[in-house]
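Undergrad:
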Amino acid sequence: MKALLLSGFAAIGTGAGTMLTLHTESGLDPLHSVISEYAFQPLGWLLPTSLTLFAFGSALIAESLRRAGASLWVVLLLLAWGGSMFLIGAFPTDRPGVPLSLSGGIHRYAAFAAFLVMPAAGMLLANARVRYARAVRVLSAVALGALLLVVIPYVVRMFGIPLSNDEIPAGLTQRVVVVTEIGVLALAGLSLLKPSIQRSQGGVSPILA
0 MKALLLSGFA
10 AIGTGAGTML
20 TLHTESGLDP
30 LHSVISEYAF
40 QPLGWLLPTS
50 LTLFAFGSAL
60 IAESLRRAGA
70 SLWVVLLLLA
80 WGGSMFLIGA
90 FPTDRPGVPL
100 SLSGGIHRYA
110 AFAAFLVMPA
120 AGMLLANARV
130 RYARAVRVLS
140 AVALGALLLV
150 VIPYVVRMFG
160 IPLSNDEIPA
170 GLTQRVVVVT
180 EIGVLALAGL
190 SLLKPSIQRS
200 QGGVSPILA
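Position 124, counted from 1, in the sequence shown is what numbering that gives the first Met the number 0 calls 123; the numbers after and before it change by one each time, with no gaps.
(1) With a CB to CB cut of under 6 Å and the five nearest residues on each side skipped, what residues in its chain are close to A10?
(2) Quick one: what's got a C-beta closer than 6 Å to A132's C-beta in the same chain, skipping five residues either side?
(3) Jot down the residue ranges of each uninterrupted beta strand (DSSP E) in the stretch 54-81, minimum 3 residues, whole runs only, in chain order.
(4) Output needed for V74: all residues of its chain with C-beta closer than 7 Å, excluding positions within five of it in sequence on either side, in chain order.
(5) Can you grab the Cα-Cα spacing for the pair A112 / P29, in whole Å?
(6) Between G88 and the rest of its own chain, which residues show a CB-CB distance below 7 Å, the 5 nearest in sequence each way excluded?
(7) What's the call for G26, buried or exposed, on a 16-neighbour Cβ count within 10 Å?
(8) Which residues in the same chain as L77 place their Cβ atom closer than 6 Å to its Cβ, once the five residues preceding and following it in sequence are excluded?
(9) Out of curiosity, what's the CA-to-CA distance linking V149 and E24?
(10) Within a Cβ cutoff of 6 Å, which residues of the same chain sit near A79, ignoring the five residues on either side of it in sequence?
(11) Suppose you measure from the CA of A2 to the CA of L192; what does that come to, to the nearest Å?
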């Protein structure tokens, strides 16, 4: 299981490095430019590459948690996050000003699903008192709060109120969600390297139940 887990970490780390390279070389404003816009840059192919690596890493960590006896819901939520990451990369968003296409719609709703399921998995892990439970809970809460800030502009636009990303820190709030959720995933994996135990009246039991 350790080899499986380390492979998951390698995939996530490589995905993070790929994403960082894309950000560094593209020169877009991370405060206002959402991550999806990087697909239209010369190195835009790095975006689906990074997201696919995140998806692969999530699947490996989910399998490691399953073998360790984690809740089925946690495993399924991590797999759903990975599947959503893959769809986000496979179906690029539309260019600014273009009506929503099928690809753009899949991209948008897969992103929303991904942003929602990881905090849910994190809260379940924290309730199971995994190692680093407090950090997992905090990161999950921050991700949910940032997700709310990400969604608000879309709701405002639905009511016909024009609001561009140049007027709000849309890129910043989105990146907070992504970074915190990857942090939750990483801590979920790290909790298996040195699993803690919880004491009960019946003695000692595994944390992942």
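Using N, Cα and C, we set each Cβ at its ideal position, and we do this for glycine too.
The structure displayed is predicted, hence computed values, not measured ones.
TA: The answer reads as follows:
(1) Cβ neighbours of A10 beyond the five flanking positions: L52, F55 and G56.
(2) A125
(3) none
(4) Correct list, in chain order: A61, L64 and R65.
(5) 22 Å
(6) Annotation for G88: L46, P47, L50 and T51 place their beta carbon closer than 7 Å to its own, counting only its chain and skipping 5 residues before and after.
(7) Burial call: exposed.
(8) S57, A61 and A120
(9) 25 Å
(10) V116
(11) 11 Å
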